[in-house]
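These notes are about the structure you will find just below.
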Amino acid sequence: METILGRPFTGQKLGLLKAFLIDNALDYEEGIEFSVILMDNDQILATGSRQRNVLKCIAVSPSHQGGGLAARIITELVKQAMSENINHLFLYTSPWNRSLFSELGFYPITATDDALLMENRKNGIQNFVRALECPTVDGIIGCVVANANPFTNGHLYLIEQAAKRCDLLHVFVLSEDRSLFPAAVRLQLARKAAAGIKNVLVHPTGDYLISSATFPQYFLKDKAKAEQISCALDLAIFAEHFAKPLNITRRFVGTEPFCPVTASYNQQMIRYLPTVGIEVVELPRRIENDEAISASQVRRLMAGQNYDEIKKLVPPATFDYLVSEDGRKLAEILAASKN
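Under the working numbering, think of the first position of the sequence shown as 957, with each following residue one higher.
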């Protein structure tokens, strides 16, 4: 049996891999960074891949299941990830695969009827949330979750209005590094802007609160429902592992006139969270020049280097960053993408 590694595969091997996955009711996903194939006489027996810190597209030929091939695949993927200092790994799969991947060193985080998220750290999410700053407070504890790409006066307005409606407000800034502004910058700008609001705590989400942009679809038969399934899993993680231990009973969101994906997510949130004891409060966005403030609006102005207009839409800390060397480099990236 031959072990073949690829970064990622191309040509004939990629074609064989895609065909093997289809035969095993899976799809190959673009964006894969590393793959492992076990072959015998030009036939694929098993395979698995990694994209960033997510293992995916793991399959073993039905005729060779139970022979330890899945363990060999996982071992190779983990070893290669460790060589790149990627130590915290996740795996999305169908719920009925729980026992298989549990035996291979992965621990369940949350499952819905359609998807299961696992990680290679026992009690990883519990330890992450337990380490967050959380003073003991009586009364209403609320929450805001934002990407803040970048942090605007719209985000600040939502936080200010939410803070007035509860005794303690947790603000979570997504740690996922798939936005123009790096996660560390987005978190820092949010903390600076909210520093003057006494009952507000700003946290990262770590790797746990997800988005449809990173949720894999390779194991779903109904691809049209992928976004809905992704949102359901994200909301279940929030309710079980964030809201429950932090005693959050109210989640605040701004109205969403621009992005259909976010608007759909908000509607799903409004339907689901009250069923687990969490009230959803939708607040109107802050208006500037007859237009709701949005991060996408700020990015458009950045591309045109219209800093006079930007200054009206963002807190001082955000503006200072935007006119810094790093901020102007991001503006150049946006301008180049428009050409």
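In this text, a Cβ means the ideal position worked out from N, Cα and C, and glycines have one as well.
Contact check, residue i vs residue j, beta carbons under 9 Å
i	j	result
Glu1238	Phe1275	no
Phe976	Thr1003	yes
Met995	Met1038	no
Leu1229	Leu1191	yes
Leu1124	Ile1096	yes
Cys1122	Arg1241	no
Phe1171	Ile1153	no
Phe1128	Val1101	yes
Asn1155	Ser1135	no
Gln1224	Ala1188	yes
Glu916	Gln1007	Nothing about residue 916 can be reported from this structure: the residues present for the chain run from 957 to 1295 only.
Leu1278	Glu1244	no
Leu1114	Gly1210	yes
Val1236	Ile1226	yes
7 Å CB neighbourhood of residue i in its chain, flanking five on each side removed
i	result
Lys1267	Phe1275
Leu972	Ile1000
Phe1057	Leu1047, Thr1049 and Met1074
Own chain, CB closer than 6 Å to residue i, minus 5 neighbours either side, in chain order
i	result
Ser1005	Ile988, Ser991, Lys1012 and Cys1013
Phe1107	Leu1145, Ala1146, Ala1149 and Thr1274
Glu1032	Val992
Pro1201	Val1085
Ala1199	Ile1234
Ile1296	An answer regarding residue 1296 cannot be provided, because it is not within the stretch 957 to 1295 covered by the chain.
Leu1157	Glu1089 and His1126
Pro964	Ile988 and Ser991
Gly962	Ser991
Asn1222	Val1209 and Glu1212
Ala1118	Gly1098, Val1100, Leu1125 and Phe1208
Beta-bridge partners of residue i, as assigned by DSSP
i	result
Glu958	Met995
Thr1049	Leu1072
Thr1003	Ile993 and Ala1015
Pro1271	Beta-bridge pairing links Pro1271 to no other residue.
Thr966	Answer is none; Thr966 lacks a bridge partner.
Thr1066	Leu1073
Val1279	BP columns for Val1279 are empty, so no partner.
Val1010	Gln1007 and Phe1046
8 Å CB neighbourhood of residue i in its chain, flanking five on each side removed
i	result
His1044	Asn1009, Glu1075, Asn1076, Arg1077, Gly1080 and Asp1163
Asp1304	Residue 1304 is absent from the structure shown; the chain starts at 957 and stops at 1295.
Ile1193	Ile1065, Thr1066, Leu1073, Ile1081, Tyr1164, Leu1165 and Ile1166
Ile1029	Val992, Leu994, Ala1002, Thr1003, Gly1004, Ile1014 and Val1016
Ala1182	Ser1168, Phe1171, Gln1173 and Leu1176
Lys1294	Ala1259
Glu1265	Leu1257
Glu1116	Ile1153
His1197	Ile1065, Thr1066, Ile1081, Gln1082, Val1085 and Tyr1164
Thr1161	Val1101, Phe1128, Val1129, Leu1130, Ser1131 and Glu1132
Proximity test, residue i beta-carbon vs the ligand FMN heavy atom, cut-off 8 Å
i	result
Tyr1277	The ligand FMN is not part of this structure, which contains no ligands at all.
**Report entry** Every unbroken beta strand (DSSP E) inside the region 1199 to 1269 [3 residues or more]
**Finding:** Fully enclosed beta strand (DSSP E) runs of 3 or longer: 1206 to 1210 and 1235 to 1239.
Query - Complete runs of the beta strand (DSSP E) confined to the region 1083 to 1165 [at least 3 residues] - result: Taken in chain order, the complete beta strand (DSSP E) segments of 3 residues or longer contained in the region 1083 to 1165 are 1097 to 1102, 1124 to 1129 and 1156 to 1160.
Requested in this report: State whether the region 1137 to 1157 contacts the region 1177 to 1188, with contact taken as three or more CB pairs (one from each stretch) at a distance under 8 Å.
Outcome: no
Requested in this report: Would you check if the region 1084 to 1091 and the region 1052 to 1063 touch, i.e. whether three or more CB-CB distances between them fall below 8 Å?
Outcome: In this structure the region 1052 to 1063 does not touch the region 1084 to 1091; the number of beta carbon pairs closer than 8 Å is below three.
Query raised in the report: Can at least three beta-carbon pairs, one atom from the region 1243 to 1252 and one from the region 1088 to 1099, be found at a separation below 8 Å?
Result: no
Report task. Would you check if the region 1067 to 1079 and the region 1096 to 1111 touch, i.e. whether three or more CB-CB distances between them fall below 8 Å? Result -> no
Requested in this report: Could you say if the region 1253 to 1268 and the region 1283 to 1290 meet the contact criterion of at least three C-beta pairs nearer than 8 Å?
Outcome: yes
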